[in-house]
Structures are given as structure tokens and as C-alpha cells.
Amino acid sequence: MAELSDTTLRYAADGSSKRTDALGMRVMQRRVWDVRDSQYILVKSPPASGKSRAAMFIGLDKLQNQGLRKVVVAVPERSIGASFRDTKLTAGGFYRDWKLDRDLCGVGSETGSKVAELIEFLGSSGESIALCTHATLRFAFTRAGIEVFDGALICVDELHHASSNDENKLGSLLRGLMDRGSAHVLAMTGSYFRGDTEAILHPEDEARFERVIYTYYEQLNGYEYLKTLHIGFRFYQGRYLDRMGEALDPALKTIVHIPHVGSSEAVADKMFEVDAIVDTLGDPLGSDPVTGFVKVRNGRRILKIANLVDDGPGREKVMASLRKVKSRDDVDVIIALGMAKEGFDWIWCEHVLTVGYRGSLTEVVQIIGRATRDAPGKTEARFTNLVSAPFAKDDVVSRAVNDMLKAISVSLLMEQVMAPTFKFRTHKGSDDMTGQQPQTGKPEPVTNVGEIEVINGPMVSDEAKRIIDADFPDLVANVQSDPRTITVMLNPDAHHADVMHDVITTDIVRRRYPHQPESVIQDVVTLFGARTELGRAVKEDPSVIQTMSLDLDDPAPTSGGQEPQDPQLPGGGDNFIRATHKFLDVRDLQVDLLGGRREFVDAYEILSKELNEDILARLHGEVRAMKVAMTQEEAEKLMPRIKEFLAREGREPNLNSPNGREVRLADALAFMRKLARQRRADLAGADAGRTAGAANG
1038 MAELSDTTLR YAADGSSKRT DALGMRVMQR RVWDVRDSQY ILVKSPPASG KSRAAMFIGL
1098 DKLQNQGLRK VVVAVPERSI GASFRDTKLT AGGFYRDWKL DRDLCGVGSE TGSKVAELIE
1158 FLGSSGESIA LCTHATLRFA FTRAGIEVFD GALICVDELH HASSNDENKL GSLLRGLMDR
1218 GSAHVLAMTG SYFRGDTEAI LHPEDEARFE RVIYTYYEQL NGYEYLKTLH IGFRFYQGRY
1278 LDRMGEALDP ALKTIVHIPH VGSSEAVADK MFEVDAIVDT LGDPLGSDPV TGFVKVRNGR
1338 RILKIANLVD DGPGREKVMA SLRKVKSRDD VDVIIALGMA KEGFDWIWCE HVLTVGYRGS
1398 LTEVVQIIGR ATRDAPGKTE ARFTNLVSAP FAKDDVVSRA VNDMLKAISV SLLMEQVMAP
1458 TFKFRTHKGS DDMTGQQPQT GKPEPVTNVG EIEVINGPMV SDEAKRIIDA DFPDLVANVQ
1518 SDPRTITVML NPDAHHADVM HDVITTDIVR RRYPHQPESV IQDVVTLFGA RTELGRAVKE
1578 DPSVIQTMSL DLDDPAPTSG GQEPQDPQLP GGGDNFIRAT HKFLDVRDLQ VDLLGGRREF
1638 VDAYEILSKE LNEDILARLH GEVRAMKVAM TQEEAEKLMP RIKEFLAREG REPNLNSPNG
1698 REVRLADALA FMRKLARQRR ADLAGADAGR TAGAANG
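Using the working numbering, the first residue of the sequence shown is number 1038, and each one after it goes up by one.
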């Protein structure tokens, strides 16, 4: 079985993301709390960062201090509702506990009786907090209209289920709430993108939100135990079940996601697949009558396996048993199909093994999030994607090729999403790290964990920096999943990768921000390329990051005139964040921030090192048919290189050259000549029209 070298991400595990302040809030929750007075709040924060509790804090404050009468929390599926069950927040120092008046995530129709219950709740006077599914919320909106939500906080968990598409009911509801202006909205997502071509919100709608962003790096770097995350891909030929023993380690607490029913990876009946996986783990001993878990003997161990694929009457017992899991030894393996993804909490999970490429990057990120919970004794976590490789008799080669390349895209994407955040603060004429004119004291520290301040970087507009700060993961996802990117990845020698990178990125940025002027678009493209290059440079040599220690006795880092607290103690505020200041001086790096994009080359190097010649040849053959169409923008960008070629070689580039990049130059030259002929013809036609008009006059 061919495999790609794992992407390994290492973190400091300094415990900062788990510390709480005097109100019982962790770093991310405090960040949300600080904007609690905003009418519309958008939280982008990874799995396990505490979004559900942040929603509780905000909801209770809206009820007690901001005059709202109702809080409605909506989750995508019933099982996720457990994250919002009754919670004693006063135990951590908050002034009020979270208690549901109506839990509409139990057994029953999400589109029938529960809709009527939610509408009744919204019109009642004695109840304050309700929990329901997205479906129930949507149908209540359709049945009762937007007015019933007046004076309520609508909290939408897993916002990526919404879309800016006019036919997406959840997106329409959010837009309607904001247009009416009589309700408050708290929208939260653990994924930074939908994974398809749809935007979650219209840009003008998203601009109305107060955004709180907490990065994957901040979350993982601030854990107490988990220090390393491995992301790997294995390519198999034949049946995946025959390779399961190579990918599945019984010693690791594992979630196995089998392929979607009807997909090319699916073998036959889904229960047959479950039985085969159970047999791979050991000798079946039957089911436990109390928990519903399947018991398997593996050497001297008895493994407990939770089967969530079987949707018969026994699944409710298995799910109930999983909700009661308290210790590492309670369950060993969970086998699932459409479940155990977003919002599923099993902190002991060390390995997520997913069979088949998942078409949505959102789904992949959510699946990885199942393994990135922090737990005592858990120092490493792993995500493995088992993907079918094309083989001699494969009649769907293009799909297999596409899946393999998308798998590489996910790997490159996750490197960026889970890396530190680079903040570009330098302005022309500045000497210190904040981008301001030099003063007398030390540079002002960054405020976010995992934030690296870039000095002496490219000069760009503040709006471009804001876009990159807020939307970089979304842009990476868009670029990596673009069909043109996938094509160039496998044939980097047939393209001018830096030009293609800029063409693709510019096109994506223009489509994403249609109202921005061209100067801002170009600044965003520049920063996007710079940030990806910086991420790569830091990965190759972490020592390029410089650290400046700050004196905690200096009053500058504190706010409100408060005395600094011990950063090592609970309630130490943000001082533990301000204790060190990380920065990176671009002048010290041997990288080209304005060109030489290497994503395509990196992907090809990964493939060529790990796959055998036969598979690689099949990939080449397939991708040759996926040629990227020449555009005017690419042709214009290649004109300086065509002139260089003419000066160097004394001839025009040849369309039949064995050198792919020369062929690309020839394509560009032919395109520009065709464009020039078309323009001359248009001008001639216009002149003829004017002449005829004058004669007739």
C-alpha cells in the first residue's frame, strides 16, 4: 500500500488555552465575552475550543443584562445537542447557571411536533432558553415568519451548514433576522469554510458581524497534554478491507469512518464492512447486553467496539453508552458512517481512520477535530485517510486521480490552517514591530497566542491585511480545491507555477470580494503569497522566529489600570499571552515573498517520492487531458518571459517543444496574437459602420 509522508505538526502544549479566568472562561470564551454587547457575533473557532460554553455565557448575559427575552440554540443534529445540556457555570465563578427550559433534541419529529413546540416557546412568557436542530428552526421560520424571533438571541452552531445561496433556508433566516434588526445572532463554526463553492454568508452580511477568530494553532498549542498531530494518506489498490490491517492499530483509541454507501470505495453491504473490520481487530465475543458494545479478543486484551453504522433499534443503546463514557478504558474503537463527526466528543480518540476521499474540506476538518481533543496521557493524535489509487483495470481513473490530488490538497491546506498566524503590521517609515513611528518604550506585544508579527514585510493596505487576517484559511481552501490548481499540481513542469498561482489566486480573490478595488485585490494576493511562503519557511527552520521577553511589571501591557497578575495562576488574564513576543524579520529569510510559489511543486514532490512509477505514469496520462485553458490574464503575465525567451534563444517558443513551459509560452503568444487579430477586426468593423453611416447621411 503506497503512502504519503505524514504531515507532522508539533505544539508547545503550554496549557494556555485551558486556563480559566475569574468567571470560569477560557481564552477563546473571554474573547467572545469581550464583544457580548454586539448584536451580531460570528465565532470562528476549532473543535473542542469551548464554543458551546461561550454561547451559554453570551446567552445568559443577553437575557439578564441586555433586555432580550429568549435564547434559541440550534445545532445541525440531535446528538450534538448534548454539548448544550444544563451546566453549573457558577462553579467556575459565573453569576448564573445554564438551564434549558425546552430541549427539542430528543426523539421525535424535527419537522412536526417540535416545530410547534418551538413556536409555542417563542410566544410564551415563563421560559427563556430552548435547544433545537437546524431543521426545527428552519421550519419554524417557514411556518411562523420572522416576527416570532423578535427580542430573541438566535445561536446557530456549526454555521457552515448555512449558505449565501438564496435557496438555503438557514442562510435566508440569518439574512432575514439581520434585515429586520429585532433579534440578536450568535453564529459559530468549527470549520472556516463550507468545502464547496458556496459562500457561508454574503460578504456584506458577514461584514455586519463582530468577528471573533480563534485559530487551530492557538487551540492546539495551548493544550496541556497533546503535543503532536500527524496527518497522513494511504493509497490502496483493490478492496480497502484487505488493507485495513495495515492502517488500523488496535493499540490506539480509534474512530473508523467507512465509505459512503454507493461510493466506489464501498464494498457491498455496510454491515458486511463492519463485520470485516471487527474481524481485523480480533476474535468477536458477542455484544455486551448493558452497553451494546461489541467485544473482541485481541491477544490478551478485550476490545470494546461501538457500532454506529447499524441504524437498528440497538443504536440508541450504543449512543447512550457513548454519552456515559468517563474514562479511557470505557471504549476502544468506534465504527461510524455518517456519525461521529462534527460535535462528537470522545476526548480519548487518538486516531481517526477515514476510508474514501471526502468531497468537502469542511468534513475533513471536522473529522480531524475528533482526534484533537486534549486528554491525560494523550500526547499524539493521528488522522489517516485511506484512498483508492488508480490501477490497471480501473474504469474510473479520472475520479481516482482527482481524489488522490484532493487528498494532497487537504494535507497542504491543513499545514496552513493549523500553523501560527502571521500578522503584517509594518507601515512605511516605521521602525518598531507595531507599525507605528518609534516611541520610547518597547514594542507593543501581540495579543493572540500563536500570532507571529511580521516586520519589514510587503507594504499593503489595511483592508488587505484585515481580509487576510480574517479569511486566510478560506482562501487557502478555495485555491487548493480549484480544478486548475489540481491540474498544475501534477504537471508543474508544464506551467509557470508562480504565474499560475497568481492567476488562480487573483481570480478567486476577485470573485470572493467583488466590491473591492483592484488595488486591494492585488494587495490581498501579495499577502496571500507572502503568508504561505512564511509558513513554509518557518516549518523548514523554526529558529527564524525571534522571541522578545517582556517585563510583566511594565504597565504598558495591562489595560484599565489593573495590576498585572501572575500569568501562571488561574484568572491571570491575558498576561500569560503577553509574556513573550514572537516576531519574524523578513530580511532574515531566503524566500521570495512576491513569486516562486511552491505549492504545485511541493505536491508533485510528495507524489513522486511515495508512489510507484506505474501509478505515477497513470496520473500523468490522466492529467495531460486536464489542460488548463489559457486566459488573457495569464498570457499578459507571461509576455515578459516570452520576450526573455526571444532574446535568449533567438526564436519564438515552439508549440511542439518537449519542454512543457516553452509550450505554455507558445500558447500564450498564440492567444495574444488571436486577441490582437480579433481587436483589429472589431476596429475594422466599427470603421466600416461609421463610413456606411456617413454615406447614408
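Backbone N, C-alpha and C fix where the C-beta goes; we use that ideal spot for every residue, glycine too.
Within the continuous beta strand (DSSP E) that includes L1159, where are the two ends?
By one-based count along the sequence shown, residue 1159 stands at place 122. It is not in any beta strand (DSSP E) - L1159 instead sits in the alpha helix (DSSP H) that spans 1150-1160.
Pairwise C-alpha distance: C1192 and P1607:
Position 570 of the sequence shown, counted from the start, is the residue given in the question as residue 1607. Position 155 of the sequence shown, counted from the start, is the residue given in the question as residue 1192. Confidence in P1607 is poor, its pLDDT being 32 and thus under 50, which makes the residue's placement too unreliable to answer from.
Helix or strand or just coil, what does DSSP make of N1422?
Residue mapping note: residue 1422 aligns to position 385 of the sequence shown, counting from 1. Of the three classes helix, strand and coil, the one that applies to N1422 here is strand, per DSSP.
Taking the C-alpha atoms as reference points, what is the distance between A1412 and K1264?
The sequence position of residue 1412 within the sequence shown is 375, counting from 1. The sequence position of residue 1264 within the sequence shown is 227, counting from 1. A1412 and K1264: Cα-Cα distance of roughly 11 Å.
Under the rule that 16 or more other beta-carbon atoms within 10 Å means buried, what is M1470, buried or exposed?
For this step, residue 1470 is matched to residue 433 along the sequence shown. Bear in mind that a pLDDT of 36 at M1470, under 50, signals an unreliable position, so the number given afterwards is only what the model happens to contain. Its Cβ being crowded by 16 or more others within 10 Å, M1470 is buried.
Starting from G1104, trace the alpha helix (DSSP H) both ways and give me its first and last residue.
In the sequence shown, counting from the first residue as 1, residue 1104 sits at position 67. Looking at the DSSP string, G1104 is not in any alpha helix (DSSP H), and its letter there is neither H nor E.
Would you check if there are 3 or more beta carbon pairs closer than 8 Å linking the stretch 1162-1170 to the stretch 1106-1113?
yes
DSSP beta-bridge partners of A1303:
In the sequence shown, residue 1303 corresponds to position 266, counting from 1. BP columns for A1303 are empty, so no partner.
Only counting the same chain, and skipping five residues up and downstream in sequence, which positions put a Cβ closer than 8 Å to that of K1055?
By one-based count along the sequence shown, residue 1055 stands at place 18. Correct list, in chain order: R1063, G1259, Y1260, E1261, D1411.
By DSSP, does T1409 sit in helix, in strand, or in coil?
Here residue 1409 refers to the residue found at position 372 of the sequence shown. Three-state DSSP puts T1409 in coil, outside helix and strand.
Cβ neighbours of V1536 in the same chain (closer than 7 Å, five flanking residues each side left out)
If you number the sequence shown from 1, residue 1536 lands on position 499. Cβ within range, chain order: E1671, K1674, L1675.
Is the Cβ-Cβ distance between Q1256 and P1083 less than 8 Å?
Here the question's residue 1256 lines up with position 219 in the sequence shown. Here the question's residue 1083 lines up with position 46 in the sequence shown. In this structure, P1083 lies closer than 8 Å to Q1256 by Cβ.
Under DSSP, the beta strand (DSSP E) around D1320 begins and ends at which residues?
As a first step, residue 1320 is located in the sequence shown; it is residue number 283 there, counting from the start. 1320-1324 is the span of the beta strand (DSSP E), which, as asked, contains D1320.
Can you tell me which residues form a DSSP beta bridge with L1223?
Here residue 1223 refers to the residue found at position 186 of the sequence shown. Per DSSP, I1078, C1192.
Under 8 Å between the Cβ atoms of V1392 and R1407?
What you label residue 1392 is simply residue 355 of the sequence shown in a count that begins at 1. What you label residue 1407 is simply residue 370 of the sequence shown in a count that begins at 1. No.
Cβ of K1290 within 8 Å of Cβ of D1369?
In the sequence shown, the residue the question calls residue 1290 occupies position 253. In the sequence shown, the residue the question calls residue 1369 occupies position 332. Yes; because the gap between Cβ atoms is below 8 Å, this pair is in contact.
Can you give me the start and stop residues for the alpha helix (DSSP H) that F1272 sits inside?
One-based indexing of the sequence shown puts residue 1272 at position 235. Taken as a continuous stretch (DSSP letters only), F1272 belongs to no alpha helix (DSSP H), being part of the beta strand (DSSP E) at 1265-1273.
Coil, strand or helix - L1706 by DSSP:
Translated into the one-based positions of the sequence shown, residue 1706 becomes position 669. L1706 falls in the helix class under three-state DSSP.
Measure the Cβ-Cβ separation of K1088 and G1227 and say whether it is below 8 Å.
Along the sequence shown, one-based indexing puts residue 1088 at 51. Along the sequence shown, one-based indexing puts residue 1227 at 190. In contact: K1088 and G1227 (Cβ atoms closer than 8 Å).
Within 7 Å: the Cβ of K1107 and any heavy atom of the ligand ZN?
Of the ligands one can find in the structure shown there are none, so the ligand ZN has no counterpart to examine.
Any C-beta of chain B under 8 Å from that of T1668:
No chain B is part of this structure, which consists of one protein chain only.
Would you please state the rounded distance, in angstroms, between the beta carbons of F1682 and P1690? I believe it to be under 8 Å.
In the sequence shown, residue 1682 corresponds to position 645, counting from 1. In the sequence shown, residue 1690 corresponds to position 653, counting from 1. About 5 Å separates the two Cβ atoms, so the contact holds.
Between which two residues does the beta strand (DSSP E) holding V1536 run?
On the sequence shown, residue 1536 is found 499 positions in, with the first residue counted as 1. Run containing V1536: none in the beta strand (DSSP E); it sits in the alpha helix (DSSP H), 1534-1549.
Measuring alpha carbon to alpha carbon, tell me which residue in A1220, F1270, D1719, V1293 is nearest T1045.
Translated into the one-based positions of the sequence shown, residue 1045 becomes position 8. Cα-wise, what sits closest to T1045 is F1270.
Shortest alpha-carbon distance to K1415 belongs to which of D1216, V1540, W1385, E1400?
The residue labelled residue 1415 in the question sits at position 378 within the sequence shown. Ranking the options by Cα distance to K1415, first place goes to W1385.
For the putative contact between A1501 and D1560, defined by C-beta atoms under 8 Å, what is the C-beta separation to the nearest angstrom?
Taking the first residue of the sequence shown as 1, we reach residue 1501 at position 464. Taking the first residue of the sequence shown as 1, we reach residue 1560 at position 523. Rounded, the Cβ-Cβ distance is 3 Å, consistent with contact.
With distance defined between alpha-carbon atoms, name the residue in R1573, K1125, Q1553, D1366 nearest to K1136.
Numbered from 1 along the sequence shown, position 99 holds the residue referred to as residue 1136. K1136 has its Cα closest to that of K1125, out of R1573, K1125, Q1553, D1366.
Using only the alpha-carbon positions, how far apart do A1493 and M1065 sit?
Here residue 1493 corresponds to residue number 456 of the sequence shown, with the count starting at 1. Here residue 1065 corresponds to residue number 28 of the sequence shown, with the count starting at 1. It should be noted that the sequence gives Asn, not Ala, for residue 1493. Looking at the two C-alpha atoms, the distance is approximately 30 Å.
Helix, strand or coil, according to DSSP, for L1289 in the structure here?
Taking the first residue of the sequence shown as 1, we reach residue 1289 at position 252. The answer is coil: DSSP assigns L1289 none of H, G, I, E or B.
Would K1341 be called buried (16 or more neighbouring beta carbons within 10 Å of its own) or exposed?
Position 304 of the sequence shown, counting from 1, holds the residue named residue 1341. Buried.
Buried or exposed by the 16-neighbour rule on C-beta atoms within 10 Å, applied to A1593:
The residue you call residue 1593 lines up with position 556 of the sequence shown. Because the pLDDT of A1593 is 34, which lies under 50, any placement of that residue in the model is unreliable, and the question is left without a value.
Where N1174 sits in the DSSP three-state scheme:
As a first step, residue 1174 must be located in the sequence shown, where it is residue number 137. For clarity, residue 1174 is Leu in the given sequence; the question names Asn instead. In the structure shown, L1174 sits in a helix (DSSP, three-state: H, G or I).
Outcome for Q1103 when other beta-carbon atoms lying within 10 angstroms are tallied against a minimum of 16:
In the sequence shown, residue 1103 corresponds to position 66, counting from 1. Exposed, since its Cβ has fewer than 16 Cβ neighbours within 10 Å.
Which of the three DSSP states is assigned to G1632 in this structure?
Mapped onto the sequence shown, residue 1632 falls at position 595. Only weak support is given to the placement of G1632: the predicted model assigns it a pLDDT of 46, under 50, and the question is left unresolved by the model.
Cα-Cα, which of F1176, L1223, A1049, E1154 is closest to T1074?
On the sequence shown, position 37 is the one that residue 1074 refers to. It should be pointed out that residue 1074 corresponds to Asp in this sequence rather than to Thr. Ranking the options by Cα distance to D1074, first place goes to L1223.
Contact under 8 Å by Cβ, A1703 with T1409:
On the sequence shown, position 666 is the one that residue 1703 refers to. On the sequence shown, position 372 is the one that residue 1409 refers to. Going by C-beta atoms, A1703 is not nearer than 8 Å to T1409.
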